[in-house]
Structures are given as structure tokens and as C-alpha cells.
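In this note's numbering, the protein residues as written are 463 to 712.
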């Protein structure tokens, strides 16, 4: 039986649409968070001092909160500066334009979500109890009424914006799927899961059940759609479990 871990920092909902009319100086460099890879044609990430990293993180946190509260078009650089307590030159140094801020927020959101899923609470998703703990957390957290999944909502808005960040968003979701996939592969290695199971298919099933369930729960203002979707995913996985999740075969 796993010992519950209290998570005090999860993720923020960010609705991000591009407003090219705001006063944002344009410079050629972008900043990326620790989970992202740099794709072809993108600039290398800035190397930041401890103080610089703290300043950048503070800007991202306040930008996310402002956009959550007011929307992107109402969130200009002056509001971000005032909220984060930085100068215009500092803001443009870390985020030279709105696209760079969007990219930064994607990374920031991703780091929160992926860090949460990699926490000890779920133990690498290497047994059925871990998946059940994950389902129980979301079913009882009340999150569907607080804006839903930050990454799902962010992706939905980004797709409407015309920003060229689709590959970056795809990498984030791929890393999320990989957390489930790696756990399922470990279950197979330890003889806990039938070898006929396709780990990537099951991993996609869990993420799709979560994303769709959250949306339905938001609309209904009722956690039942999310809980039902996740419970069905776990029940399906249980049909392939070959050994008790509490037994370590290694």
C-alpha cells in the first residue's frame, strides 16, 4: 500500500491567445525549461544564474496567473512587469515577445505536471496500485471545477492562435505518455502485466481518458464523468494484470 503524498503545487490553467498589438520588444532568443528539447531552427537556451532563474520563474508564475484571471489579450507587458516586480528591460531580456512567453509558460506548465506524475506518490506507475492512486487523486481533488487540465486547455487555445509551437506541445504530451508507458513496460518486465499488452496503447488510453473526462466534468460541474472514464481505464488494465501489484518480482 502506498503512503499518500500531499501535493501542494500542481498546475495552472492558462488560456493563451496571441495579441500582436501589445508593446513587446522583439529579440531573437528564447528561454526553455528543463524538460524541453530544442528543435531545429530554435535558439539555444540562455544560461541563467540562480538569481536570473528565480526572476524568470517569477515572471512565468505571475504571467500564468494574470492570463488565468484576465485572458491573454488583457495581459500586456505592463501588467506582467508590475505583478512580477521587474523592469521592462528584464522582461524583454527573458521574454522578448509574446511567442517566447508562450513557450516559457508551456515549459513551466509542463514541468509542474511532469514533476507531479514523477513524484513518489505514484512510484513510477510500475503496478496497478499506482494507477489506482492516480485515479483516486484526481477523482477526489476537485480539479475539474478549477479550470481542468492546464496543458489540455493551453493546447486548445494555442491551436487557435497560429503560433508555431505545435511541436513543443506535442513533446510535452509525449513525455506525459512516456511516464505511463515506462511504468507499464516495467510491469511487464517484472511479470506483473501480460506480455500481449501494448504499453503505448494503454498509456494513450489513460491520458485520453483523463483529458476527455476533465472536459466533461467541467461542463457538467460534476466529477462523475472524469471518475467513470478513469475507473474504466483502470478496470481495463486490471484484466491484463498477472500478479498482485504489491509483490516485487525483481
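From the three backbone atoms N, C-alpha and C, an ideal C-beta is built for every residue, glycine too.
Endpoints, the alpha helix (DSSP H) within which residue i is located
i	result
residue 693	686–700
residue 600	590–603
residue 569	560–579
residue 546	539–546
Distance, residue j Cα to residue i Cα
i	j	result
residue 661	residue 654	13 Å
residue 699	residue 656	10 Å
residue 546	residue 562	17 Å
residue 688	residue 587	19 Å
residue 663	residue 636	12 Å
residue 595	residue 690	15 Å
residue 518	residue 544	14 Å
residue 580	residue 573	10 Å
residue 672	residue 686	12 Å
residue 634	residue 549	30 Å
residue 490	residue 558	With a pLDDT of 26 at residue 490, under the threshold of 50, the modelled position of this residue cannot be trusted; read the value that follows with caution. About 7 Å.
residue 702	residue 659	7 Å
Residue i - partner residues in DSSP beta bridges
i	result
residue 703	655
Residue from the options with nearest C-alpha to residue i
i	options	result
residue 568	526, 537 and 643	526
residue 674	565, 646 and 692	692
residue 629	565, 574, 644 and 683	565
residue 679	601, 536, 704 and 551	601
Proximity below 8 Å, CB of residue i to CB of residue j
i	j	result
residue 539	residue 522	no
residue 695	residue 649	no
residue 642	residue 613	no
residue 584	residue 592	yes
residue 665	residue 639	yes
residue 714	residue 542	Here the chain comprises residues numbered 463 to 712, so residue 714 is not present and cannot be evaluated.
residue 713	residue 676	Given that the chain is displayed from residue 463 to residue 712, the structure contains no residue 713 and the question cannot be resolved.
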